Amino acid sequence: MDAYDALPFPRTDVALSTLHFVKGIEDPAIFDHSLRSYLYGRFLGERQGLLPDRDYDDELLFLGCLLHDAGLSPEGNGDQPFDIDGADLAARFLTEQGLSPERIEVVWDAVALHLHYEVAVRKRPEIALVTAGAGLDLGDDDPPVLPADCTDHVHALLPRLHASAVLYDTIIGQALEKPHKAPPFTMAGELVRQRTQETWPTWQQLMSQPSGRHDYDGYQPRT
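By the count of my numbering, the sequence shown reaches residue 223 at its end, each step adding exactly one.
As structure tokens, then:
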């Protein structure tokens, strides 16, 4: 795609097919965020001494970044939290592209874990750098990591288009339509709570529901 010739993306068949697919289903702001996540993930990898196609599979990192928010597209909006919906959509699409199950599993993990920083960063670089790159694009840059001229160049080619606001509104929109996609104590659930001012149940209330095991019946607190 001519618009991205100046950017160091993999040009394999599956990478280009995925680029076209994601561009066709995602809001432009989310699509640009996904591409910036890849660039910033690579950058963070280099700061750790990790080079593409020497220390990690660059195609898998690219696919994971491209697809990490696919669950926020109309095609990806199923009945699970958006990170899991996105991982399942990624797996279906990459299976159709003929990618091996072993490689698909890496991308699935990268997408499914991208909201769970403490877990993702302990995984292989193709997974860890998806989470790190996405977080850096959304403002996790204190103290500054990216040189100003780098971000200026990237934003000139991939404008932000109010990315954080669009992500928030899309997550909220899905969750208000399907509340089970944003259960209590999840990131999506917290965003819904902030928007609606709904009060979350306490741990004891959750455990005391009729379907619970009645662990609090007759219980005397130890402190």
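Where is the CB? At the ideal position from N, CA and C, for every residue including glycine. Since this is a predicted model, take the numbers as computed values, not measurements.
(request) Please classify Pro52: does DSSP put it in a helix, a strand, or coil? (result) Taking the sequence shown and counting its residues from 1, the one referred to as residue 52 is at position 52. Three-state DSSP puts Pro52 in a strand.
(request) Helix, strand or coil for Pro147, going by three-state DSSP, please let me know. (result) Here residue 147 refers to the residue found at position 147 of the sequence shown. In this structure, Pro147 counts as coil in the three-state DSSP scheme.
(request) For Ala163, count neighbouring C-beta atoms within 10 Å of its own C-beta (all shown protein chains included) and say buried if the count is 16 or more, exposed if not. (result) Reading the sequence shown from its first residue, position 163 is the one you call residue 163. By the neighbour-count rule (16 or more Cβ atoms within 10 Å), Ala163 is buried.
(message) Classify Asp217: buried if its beta carbon has 16 or more other beta carbons within 10 angstroms, exposed otherwise.
(response) Counting from one through the sequence shown, the residue named residue 217 turns up at place 217. With fewer than 16 Cβ atoms within 10 Å of its Cβ, Asp217 is classed as exposed.
(message) Whole angstroms are fine: how far does the CA of Asp215 sit from the CA of Pro221?
(response) Residue mapping note: residue 221 aligns to position 221 of the sequence shown, counting from 1. Residue mapping note: residue 215 aligns to position 215 of the sequence shown, counting from 1. Each residue's Cα considered, the two are about 12 angstroms apart.
(message) Within a Cβ cutoff of 8 angstroms, which residues of the same chain sit near Leu167, ignoring the five residues on either side of it in sequence?
(response) Position 167 of the sequence shown, counted from the start, is the residue given in the question as residue 167. Result list for Leu167: Ala29, Ile30, His33, Asp69, Leu72, Leu138, in chain order.
(message) Gly64 and Ala132 - do their beta-carbons sit closer together than 8 angstroms?
(response) Within the sequence shown, the letter at position 132 stands for residue 132. Within the sequence shown, the letter at position 64 stands for residue 64. Not closer than 8 angstroms, so no.
(message) Pop quiz: Leu89 and Gly76 are said to be a contact at Cβ under 8 angstroms. What is the actual Cβ separation, rounded to whole angstroms?
(response) Position 89 of the sequence shown, counted from the first residue, corresponds to residue 89. Position 76 of the sequence shown, counted from the first residue, corresponds to residue 76. Yes, Leu89 and Gly76 are in contact; Cβ-Cβ is about 4 angstroms, under 8 angstroms.
(message) Restricting to runs no shorter than 4 residues, where is the alpha helix (DSSP H) found entirely within the segment 107–147?
(response) 117–120, 125–137
(request) Could you have a look at Trp200 and say whether DSSP puts it in helix, strand or coil? (result) Start at 1 with the first residue of the sequence shown, and residue 200 comes out as number 200. Of the three classes helix, strand and coil, the one that applies to Trp200 here is coil, per DSSP.
(message) Suppose contacts are defined by Cβ-Cβ distances below 8 angstroms. Is Val130 in contact with Ser17 by that definition?
(response) Here the question's residue 130 lines up with position 130 in the sequence shown. Here the question's residue 17 lines up with position 17 in the sequence shown. Their beta carbons are not under 8 angstroms apart, which means Val130 does not touch Ser17 by this criterion.
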